[in-house]
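In what follows, a structure is listed as structure tokens, so that the remarks can point back to it.
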Amino acid sequence: MNKHQVLLSTKAFIKKQFSGEGTGHDYFHIERVVKLAQRIAKEENASLFITELAAWLHDLGDHKLNNGVDRSEEMIKDFLNSISVPGETIQQVASIVSQVSFSKGKIADSPEAKILQDADRLDAIGAIGIARVFSFGGSRLREIYNPEAPAATSIQHFYDKLLKLKDLMNTASGRRIAESRHRFLEVYLERFYDELEGQE
Ligand code: ADP
Ligand code: NI
């Protein structure tokens, strides 16, 4: 298989695995991350092939989607082996994916991991990020907003994570895209509180 065919097979495999996923990590989250990663990679000195391949696979076997068990490395290796991708490429992709997650708290050290981390984080902010936070929160039975017990709400997640992502961007283009998505989060929160207070 050439690189183009590897990417097409991976996309088809991921489409089957993630279609209909209900926590904001559905196939179209993955596709958006691929597109954002391609957009950013064009302005960085990185391998477009490795960046795209890792982007398609970045949520495969993730602990959030797997009852708390992380099977990412194993599932990535099994799939890429099954389509005869060289071992060196498989190692590279598995290592990049292991560095992407916010919750795993690892540092992205290769250009491809930096790009992919930015792309995944961009899909967690802006209008799309807002849709996802409530979708994920709902899947975990979190309340939208609760002034009596704010800690476990989706609104609290804006402060715990989403509003911090802009300053954690690795690349210049990631930062640029994050700026306007971040402003949208702020406008949204302002409006949310205005409506609560009957001030709209
Ligand atoms: P990562 O995949 O980088 O480890 P997370 O698991 O933190 O990232 O986030 C993935 C998606 O789930 C994001 O869109 C995020 O907003 C949402 N999410 C994560 N934790 C919460 C939470 N406690 N409440 C609501 N949404 C959440
Ligand atoms: Ni993701």
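Position one of the sequence shown corresponds to residue 911 (the working numbering), numbered consecutively onward. Glycine included, each C-beta is placed from N, C-alpha and C at the ideal position.
Q) Whose beta carbon lies closer than 5 Å to any heavy atom of the ligand NI, going through the chain in order? A) D969, D1030
Q) Regarding S982 and the ligand ADP, is the C-beta to nearest heavy atom distance less than 7 Å? A) Taking the sequence shown and counting its residues from 1, the one referred to as residue 982 is at position 72. Checking every heavy atom of the ligand ADP against the Cβ of S982, none is found closer than 7 Å.
Q) What do you get for E954, buried or exposed, if any count of 16 or more other CB atoms within 10 angstroms of its CB means buried? A) In the sequence shown, residue 954 corresponds to position 44, counting from 1. It counts as buried.
**Q.** Cβ-heavy atom distance, K1071 to the ligand PLP, below 7 Å
**A.** With respect to small molecules bound, the structure shown includes the ligand ADP and the ligand NI and not the ligand PLP.
**Q.** Cβ shell of D1028 (< 7 Å), same chain only, five flanking positions each side left out
**A.** In the sequence shown, the residue the question calls residue 1028 occupies position 118. These residues qualify, in order along the chain: I950, M1079, N1080, T1081, G1084.
Q | Beta-carbon proximity list for E998, same chain, < 6 Å, skipping 5 on both sides | A | Locating residue 998 in the sequence shown gives position 88, where the first residue counts as 1. Once the five neighbours on either side are set aside, E998 has no close Cβ partner at all.
Q. Can you name, in chain order, every residue of its own chain whose Cβ lies under 6 Å from the Cβ of H1067, other than the five neighbours on each side?
A. Reading the sequence shown from its first residue, position 157 is the one you call residue 1067. If we look at H1067 and ignore the five residues flanking it on each side, its Cβ neighbours are V1043.
Q) Would you say the region 1042 to 1061 touches the region 955 to 964, given that touching needs at least three Cβ pairs under 8 Å? A) no
Q.
Can you determine whether any heavy atom of the ligand ADP sits closer than 7 Å to the C-beta of K974, and answer yes or no?
A. Here the question's residue 974 lines up with position 64 in the sequence shown. Within the cutoff, so yes.
Q: Using the Cα positions of G1015 and N912, report the straight-line distance between them to the nearest angstrom.
A: Counting from 1 along the sequence shown, the entry for residue 1015 is found at position 105. Counting from 1 along the sequence shown, the entry for residue 912 is found at position 2. When rounded, the distance between both Cα atoms is 34 Å.
(Q) Whole angstroms are fine: how far does the CA of I1035 sit from the CA of K926? (A) Residue 926 sits at position 16 when you count from the first residue of the sequence shown. Residue 1035 sits at position 125 when you count from the first residue of the sequence shown. Going from the Cα of K926 to the Cα of I1035 covers about 26 Å.
Q: Taking the CB atoms as reference points, tell me whether R1091 and G1039 lie closer together than 8 Å.
A: Your numbering for residue 1091 matches position 181 in the sequence shown. Your numbering for residue 1039 matches position 129 in the sequence shown. Yes, Cβ-Cβ distance for R1091 and G1039 is below 8 Å.
Q: Please state whether DSSP places R1093 in a helix, a strand or coil.
A: Here residue 1093 is taken as the residue at index 183 of the sequence shown, counted from 1. Helix.
Q.
Determine, for L946, whether the minimum Cβ-Cβ distance to residues of chain D falls below 8 Å.
A. This model lacks chain D altogether, as it is built from one protein chain only.
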